[in-house]
Amino acid sequence: MASGLRVVETTERTKLISAFVTPFGLFEWLRMLFGLKNGPQIYQRLVDNALYGYLKIGQRSASDGPIDVFKDGEPETDRRPSILGRRSYIDDILIPATSWESLYTKVERLLEACDKWNLSISLTKSFWGCRKVDYLGHRVSMDGLEAQPKNLESLVNIPFPSTLRAMQSFLGSLNYYRRFIQDFAVYAAVLYELRESDFFEIGRSQQETNGRTRVDGQKPRLLSLC
Numbered sequence: 001m002a003s004g005l006r007v008v009e010t011t012e013r014t015k016l017i018s019a020f021v022t023p024f025g026l027f028e029w030l031r032m033l034f035g036l037k038n039g040p041q042i043y044q045r046l047v048d049n050a051l052y053g054y055l056k057i058g059q060r061s062a063s064d065g066p067i068d069v070f071k072d073g074e075p076e077t078d079r080r081p082s083i084l085g086r087r088s089y090i091d092d093i094l095i096p097a098t099s100w101e102s103l104y105t106k107v108e109r110l111l112e113a114c115d116k117w118n119l120s121i122s123l124t125k126s127f128w129g130c131r132k133v134d135y136l137g138h139r140v141s142m143d144g145l146e147a148q149p150k151n152l153e154s155l156v157n158i159p160f161p162s163t164l165r166a167m168q169s170f171l172g173s174l175n176y177y178r179r180f181i182q183d184f185a186v187y188a189a190v191l192y193e194l195r196e197s198d199f200f201e202i203g204r205s206q207q208e209t210n211g212r213t214r215v216d217g218q219k220p221r222l223l224s225l226c
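Per UniProt numbering, numbering of the sequence shown is gapless, rising by one per residue and ending at 226.
Given below as structure tokens:
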């Protein structure tokens, strides 16, 4: 999607909170800016409503100005399932299809929804009709879901942690790809039980042994989308 959070107008209170001073004067944000804690979930709700049609814009005149559809909108009684068959992730939209005809139909529905809700699509960031696509750190294709090779390489090269805090960060990094790591739960259970004092007793040979329990970047597992 183009502009992202900028398509959402800010409330009067948000304008006051987000004001900032420059040598040229005081300025307020009229559109939602990046960095707000609730920004992503507000935008996610906007996109979900556009794709699923939970609410529709009520009757209003041009002089009424902007309308909060979640406050003043009317229920969409004849709504259909998501036009894509699944949810999107904030402004990253993936359109799966089993044929060119199905893809064409879904793209048409998406464009109609974006036009209705005044959402813009970034053509420079869009890819159409691809057999494989990288999406949210994964590679998606007709064969299934696999870990992105670029990210796997960085995980393989992560040094074994030497402190408890580093271990927690280390496990957090691996957790995203846990489904691709064989027996991850077994190895992680042992590492989660380590205490700060245990790291003083771990020798170099033990570190190398534990390091080999990580994902094999040459053999990423492929998961079925079924």
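All C-beta atoms in this analysis are idealised placements derived from N, C-alpha and C, irrespective of residue type, glycine included.
Worksheet item: Are the stretch 86-106 and the stretch 124-141 touching, with three or more C-beta to C-beta distances below 8 Å?
Response: Contact between the stretch 86-106 and the stretch 124-141 is present, because at least three Cβ pairs lie under 8 Å.
Discussion item. Pop quiz: residue 88 and residue 51 are said to be a contact at Cβ under 8 Å. What is the actual Cβ separation, rounded to whole angstroms?
Written reply: Stepping through the sequence shown from its first residue, residue 88 is reached at position 88. Stepping through the sequence shown from its first residue, residue 51 is reached at position 51. Yes, residue 88 and residue 51 are in contact; Cβ-Cβ is about 7 Å, under 8 Å.
Item to complete: Please report the Cβ distance between residue 7 and residue 118, rounded to the nearest whole angstrom; I am assuming they are in contact, meaning their Cβ atoms lie under 8 Å.
Response: Taking the first residue of the sequence shown as position 1, residue 7 is located at position 7. Taking the first residue of the sequence shown as position 1, residue 118 is located at position 118. Their Cβ separation, rounded to whole angstroms, is 7 Å, which keeps residue 7 and residue 118 in contact under 8 Å.
Worksheet entry | Residues bridged to residue 253 (per DSSP) | Outside the modelled stretch of the chain, which goes from 1 to 226, sits residue 253, for which no answer is possible.
Worksheet item: If we call anything under 8 Å between Cβ atoms a contact, is residue 176 one with residue 144?
Response: Translated into the one-based positions of the sequence shown, residue 176 becomes position 176. Translated into the one-based positions of the sequence shown, residue 144 becomes position 144. No, the Cβ-Cβ distance between residue 176 and residue 144 is not below 8 Å.
Practice prompt. Report the rounded CA-to-CA distance for residue 27 versus residue 38, giving the unit in angstroms.
Written response: On the sequence shown, residue 27 is found 27 positions in, with the first residue counted as 1. On the sequence shown, residue 38 is found 38 positions in, with the first residue counted as 1. Spanning the alpha carbons of residue 27 and residue 38 requires a straight line of approximately 21 Å.
Fill in: residue 103 versus residue 191: straight-line alpha-carbon distance, rounded
Indexing the sequence shown from 1 puts residue 103 at position 103. Indexing the sequence shown from 1 puts residue 191 at position 191. Cα to Cα, the separation comes out at about 45 Å.
Discussion item. Which residues does DSSP list as the beta-bridge partners of residue 26?
Written reply: If you number the sequence shown from 1, residue 26 lands on position 26. Answer is 21, bridged to residue 26.
Practice prompt. Decide if residue 205 is buried, meaning its Cβ has at least 16 other Cβ atoms within 10 Å, or exposed.
Written response: Taking the first residue of the sequence shown as position 1, residue 205 is located at position 205. Confidence at residue 205 is low in this model, with a pLDDT of 46, below 50, so the placement of that residue should be treated as unreliable; the coordinate-derived value is given next. Answer is exposed; the Cβ neighbour count stays below 16.
Fill in: Three-way DSSP call (helix, strand, coil) for residue 11 in this model
Locating residue 11 in the sequence shown gives position 11, where the first residue counts as 1. Secondary structure of residue 11 (DSSP, three-state): coil.
Worksheet item: According to the neighbour-count rule (16 or more other Cβ atoms, all chains shown, within 10 Å of its Cβ), is residue 91 buried or exposed?
Response: Residue 91 sits at position 91 when you count from the first residue of the sequence shown. Buried: at least 16 other Cβ atoms inside 10 Å.
Worksheet entry | Residue interval of the alpha helix (DSSP H) (run including residue 105) | On the sequence shown, residue 105 is found 105 positions in, with the first residue counted as 1. In the DSSP annotation of this structure, the continuous segment of the alpha helix (DSSP H) that includes residue 105 starts and ends at 100-116.
Practice prompt. Just mark residue 32 as buried or exposed, buried being the case when its beta carbon has 16 or more other beta carbons within 10 Å.
Written response: Along the sequence shown, read from residue 1 onward, the residue named residue 32 stands at position 32. Burial call: buried.
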